[in-house]
Amino acid sequence: MSISDASGIPERPRTLAEKVWDDHLVVKGEDGQPDLIYIDLHLVHEVTSPQAFDGLRAEGRPVRRLDLTIATEDHNTPTLDIDKPIADLTSRTQIETLRRNAEEFGVRLHSLGDKEQGIVHVVGPQLGLTMPGITVVCGDSHTSTHGAFGAMAFGIGTSEVEHVMATQTLPLKPFKTMAITVEGELKPGVTAKDVILAIIAKIGANGGQGYVLEFRGSAIRSLSMEGRMTMCNMSIEAGARAGMIAPDEITFEYVKGRPHAPQGEDWDDAVAYWRTLPSDEGAVYDAEVYLDAAELEPFVTWGTNPGQGVSLSGAVPSPAGIADSNERAAAERALEYMDLAPGTPMKDVAVDAVFMGSCTNSRIEDLRAFASVVRGRTKADGVRVMVVPGSARVRLEAEAEGLDKVFTDFGAEWRFAGCSMCLGMNPDQLAPGERCASTSNRNFEGRQGKGGRTHLVSPLVAAATAVRGTLSSPSDLDPLPAGSAVGSPATAGAEA
Amino acid sequence: MEKFTTHTGVAAPLRRSAVDTDQIIPAVYLKRVTKTGFEDALFASWRQDPAFVLNQPAYAAASVLVAGPDFGTGSSREHAVWALRDYGFRVVLSSRFADIFRGNAGKQGLVAGVIDEADLERVWNVIEAQPGIAMTVDLEARRASIGDLQIAFDIDDYTRWRLLEGLDDIGLTLRNEDKIAQFEARREAWRPRTLPVP
Ligand code: SF4
Numbered sequence: 001m002s003i004s005d006a007s008g009i010p011e012r013p014r015t016l017a018e019k020v021w022d023d024h025l026v027v028k029g030e031d032g033q034p035d036l037i038y039i040d041l042h043l044v045h046e047v048t049s050p051q052a053f054d055g056l057r058a059e060g061r062p063v064r065r066l067d068l069t070i071a072t073e074d075h076n077t078p079t080l081d082i083d084k085p086i087a088d089l090t091s092r093t094q095i096e097t098l099r100r101n102a103e104e105f106g107v108r109l110h111s112l113g114d115k116e117q118g119i120v121h122v123v124g125p126q127l128g129l130t131m132p133g134i135t136v137v138c139g140d141s142h143t144s145t146h147g148a149f150g151a152m153a154f155g156i157g158t159s160e161v162e163h164v165m166a167t168q169t170l171p172l173k174p175f176k177t178m179a180i181t182v183e184g185e186l187k188p189g190v191t192a193k194d195v196i197l198a199i200i201a202k203i204g205a206n207g208g209q210g211y212v213l214e215f216r217g218s219a220i221r222s223l224s225m226e227g228r229m230t231m232c233n234m235s236i237e238a239g240a241r242a243g244m245i246a247p248d249e250i251t252f253e254y255v256k257g258r259p260h261a262p263q264g265e266d267w268d269d270a271v272a273y274w275r276t277l278p279s280d281e282g283a284v285y286d287a288e289v290y291l292d293a294a295e296l297e298p299f300v301t302w303g304t305n306p307g308q309g310v311s312l313s314g315a316v317p318s319p320a321g322i323a324d325s326n327e328r329a330a331a332e333r334a335l336e337y338m339d340l341a342p343g344t345p346m347k348d349v350a351v352d353a354v355f356m357g358s359c360t361n362s363r364i365e366d367l368r369a370f371a372s373v374v375r376g377r378t379k380a381d382g383v384r385v386m387v388v389p390g391s392a393r394v395r396l397e398a399e400a401e402g403l404d405k406v407f408t409d410f411g412a413e414w415r416f417a418g419c420s421m422c423l424g425m426n427p428d429q430l431a432p433g434e435r436c437a438s439t440s441n442r443n444f445e446g447r448q449g450k451g452g453r454t455h456l457v458s459p460l461v462a463a464a465t466a467v468r469g470t471l472s473s474p475s476d477l478d479p480l481p482a483g484s485a486v487g488s489p490a491t492a493g494a495e496a
Numbered sequence: 001m002e003k004f005t006t007h008t009g010v011a012a013p014l015r016r017s018a019v020d021t022d023q024i025i026p027a028v029y030l031k032r033v034t035k036t037g038f039e040d041a042l043f044a045s046w047r048q049d050p051a052f053v054l055n056q057p058a059y060a061a062a063s064v065l066v067a068g069p070d071f072g073t074g075s076s077r078e079h080a081v082w083a084l085r086d087y088g089f090r091v092v093l094s095s096r097f098a099d100i101f102r103g104n105a106g107k108q109g110l111v112a113g114v115i116d117e118a119d120l121e122r123v124w125n126v127i128e129a130q131p132g133i134a135m136t137v138d139l140e141a142r143r144a145s146i147g148d149l150q151i152a153f154d155i156d157d158y159t160r161w162r163l164l165e166g167l168d169d170i171g172l173t174l175r176n177e178d179k180i181a182q183f184e185a186r187r188e189a190w191r192p193r194t195l196p197v198p
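Protein chains in written order, with the UniProt record's numbering: chain A, 1 to 496; chain B, 1 to 198.
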């Protein structure tokens, strides 16, 4: 794919991903060997690190760069009674193991109760550690979230966690690049979550395999950083290694002034460099996909992989119409698991629970979007509604704005920060057969609790669903009584 | 890491596509802090069904898994590979693997070989005609044979070389210690630092 310029200038136009990659080359691999890539930021949590620390200990190796490493507790942490000892013994052991390892190796750790504790992918950006043009890894597939800043960020396995701890590098083959261009204006009520769900449905849950996705186009540029993080977060659900968005003024504005953001001259140097990162005119991608923003609608999943999605105004599809035999079998199995009949309008699907949280949608803007719909309303009878902020800081911020009151008045539970029901490693789980509208990222069988059924939705759809008890968008809600002191849900499209 | 050259063992057919890592090992088993002893966790919820393929006596000693496309999608949990390995699998063949899973497999001595979708169907048919039949997997030649059937599988050169030699990645990387130090010396000051805590 290398194109040499007619003028003889060897420099070819490069993509954002290629630029970040090239600037982290420690050793260029030859004869089929991988490149050795430097890692700027290593995020650590309790689930995928214990065996890595063990490996270091066995070899007598230190963590090479403690100043590029940070840990938090998130997957196992309870979201209630956080001042009491963790009841589940194995969860407690895992957290205590991280605490011991952090202490022994000198890794900075934000423990439960600390104001910087939270989901690792919420904490990094909020501290200003995530910034354009860096490489970020974590033993967690949703590390792709950080690509929203124009960083190269991807999940790794525990062996690689140990490798990064020991060497601050990773041997890797370059990824292929895929441009996903979304042009035009999103309709009110259509959010970043809907866009990424529509993209995954379009290219398939494996369509991004081997690629770094670069989201571009006017609809992407108009997204806030929170919206961009939602998009990149779910790149992995399309099978991609990473998602990226070119940094711009919105990015710089978000990073500026955060605790670890560069300051003074360093800031100026950084911004000057960051401005060089967007893909060059004429850069060649290995694949390209186009979407028209104006055609997109609120999107929900009906099946058990994130590619099995449909417009909220649509119906459960019929497997009979699927040509590929493997996919047809998967769809049949999914419908059986989800207990759904083909042709059922999605809006007729009644839920038992609504989960508002996870590294996909638990930032302050997500909570504001949810609050904008439920403010002044009461939740549907018999529906359990849980709102879980992504970090302790988001929780504080929400409380300072009075959102906690909005949630509890509505009838929702307001919890402490963590992964919570995204994967149910803590007590927050669905019971077998329970159906949930969830703002998280995976609808795999049993993901939110054994036998639980998950529909992936945006915060706005989650909120409207909590009001009506069936999958709904804010536009389905009756207007609030005249004279009520709160805003109308028509303003709820703010997230887009 | 143990060297891998050839392996012969009972092949089990997993006629499912998009087997995600939550199915290979449900999250509840990720709470352990050890790197071994995950055999009970493999396909834990599917194994509760007596009809599940690994519950059939013919496959009790299976060490080669032949699975549908998109095996190992979802989370980055290396536990998925540990569970397969601890259960006794040395090889997984599929027509498509999720990237992170394939990478993790290579690091733990589990061969993840990519085969043609047409071959996949052929292999399943051979196994199901003769449950308990063994397969021989030759990593050097990137070929597998079962009954009268010979098929090629794909695995990238570098992973194959490391598996054949039994080489550990960290040791290999540390041979470039001087280059890492040189790179660090020229890193810009604006790049993030987690310490000191502001
Ligand atoms: S919120 Fe869910 S997806 Fe995100 S890191 Fe936690 S468990 Fe993983």
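A virtual CB, placed ideally from N, CA and C, is assigned to each residue, including glycine.
At a cut-off of 7 Å between beta carbons, S45 (chain B) contacts chain A. In its chain, beyond the 5 residues on either side, V10 have a beta carbon closer than 6 Å to the beta carbon of A61 (chain B). C-alpha of I133 (chain B) to C-alpha of A112 (chain B): approximately 20 Å in a straight line. At least 7 Å separates the beta-carbon of P345 (chain A) from that of A392 (chain A). A Cβ-Cβ distance of about 5 Å is found for the pair W124 (chain B) and P13 (chain B), placing them in contact under the 8 Å criterion.
For C138 (chain A), the CB stays at least 6 Å from every heavy atom of ligand 1. Within chain A, no residue has its beta carbon less than 8 Å from that of L42 (chain B); the closest one is some 14 Å off. The closest CA to that of H79 (chain B), considering only B:L65, B:A152, B:F97 and B:V28, is found on B:V28.
The CB of G446 (chain A) comes closer than 7 Å to the CB of D22, P26 and S45 in chain B, given here in chain order. Residue environment analysis places S325 (chain A) among the exposed positions, since fewer than 16 neighbouring C-beta atoms fall within 10 angstroms of its C-beta. About 3 Å separates the CB atoms of S235 (chain A) and G243 (chain A); that is less than 8 Å, so the two are in contact. The stretch 181-195 of chain A and the stretch 104-111 of chain B do not touch, with fewer than 3 CB-CB distances between them shorter than 8 Å.
The straight-line gap separating the alpha-carbon atoms of V53 (chain B) and A102 (chain A) is approximately 42 Å. By the Cβ criterion, the stretch 369-380 of chain A is in contact with the stretch 464-484 of chain A, since at least three pairs of Cβ atoms, one from each stretch, lie closer than 8 Å. Counting other Cβ atoms within 10 Å of its Cβ, E128 (chain B) stays below 16 and is therefore classed as exposed.
When secondary structure is reduced to three states using DSSP, E177 (chain B) falls in the helix class. Counting other Cβ atoms within 10 Å of its Cβ, R175 (chain B) stays below 16 and is therefore classed as exposed. Beta-carbon to beta-carbon, I146 (chain B) and L84 (chain B) are separated by about 19 Å, too far to satisfy the 8 Å threshold. The continuous stretches of alpha helix (DSSP H) do not include R186 (chain B), and DSSP gives it neither H nor E.
In the structure shown, the three-state DSSP call for C359 (chain A) is coil. Proximity of the beta carbon of H79 (chain B) to ligand 1 is not indicated: no heavy atom of the ligand is located closer than 6 Å. Excluding five sequence positions before and after A205 (chain A), the CB atoms of its chain that fall closer than 7 Å to its own CB belong to E237, A238, G239, N305, P306 and G307, given in chain order. Here the alpha carbon of D20 (chain B) sits roughly 30 Å from the alpha carbon of H110 (chain A). Boundaries around P459 (chain A) are those of the alpha helix (DSSP H), P459 to R468, since no beta strand (DSSP E) includes it. In the same chain as K450 (chain A), and ignoring 5 residues on each side of it, the C-beta atoms closer than 7 Å to its own belong to P432, in chain order. Shown here, K193 (chain A) sits in a helix according to DSSP, grouped into three states. Counting C-beta pairs closer than 8 Å gives three or more between the stretch 187-198 of chain B and the stretch 66-75 of chain A, which meets the contact rule. Closer than 7 Å to the CB of F71 (chain B) there is not a single CB belonging to chain A. Across the stretch 150-169 of chain B, CB contacts with chain A closer than 8 Å involve D156, D157, Y158 and D169, in sequence order along the chain.
In the pairwise beta carbon analysis, the stretch 161-173 of chain A is classified as touching the stretch 36-50 of chain A: at least three pairs are separated by under 8 Å. Within the stretch 421-433 of chain A, L423, G424 and M425 place their CB atoms closer than 7 Å to a CB of chain B, listed in sequence order. Its Cα nearest to that of D348 (chain A), the residue A:V300 stands out among A:V300, A:S279, A:R61 and A:V107. For the stretch 180-195 of chain B, the set of positions with a beta-carbon nearer than 7 Å to some beta-carbon of chain A reads I180, F183, E188, A189, W190, R191, P192, R193, T194 and L195 in chain order. Looking at the DSSP output, I37 (chain A) bridges to A:L25 and A:L170.
The contact set of A67 (chain B) on chain A, defined by CB atoms closer than 8 Å, is empty, because the minimum CB distance reaches about 11 Å.
Contact note: G147 (chain B) does not reach chain A at a C-beta cutoff of 8 Å; the least C-beta distance is about 23 Å.
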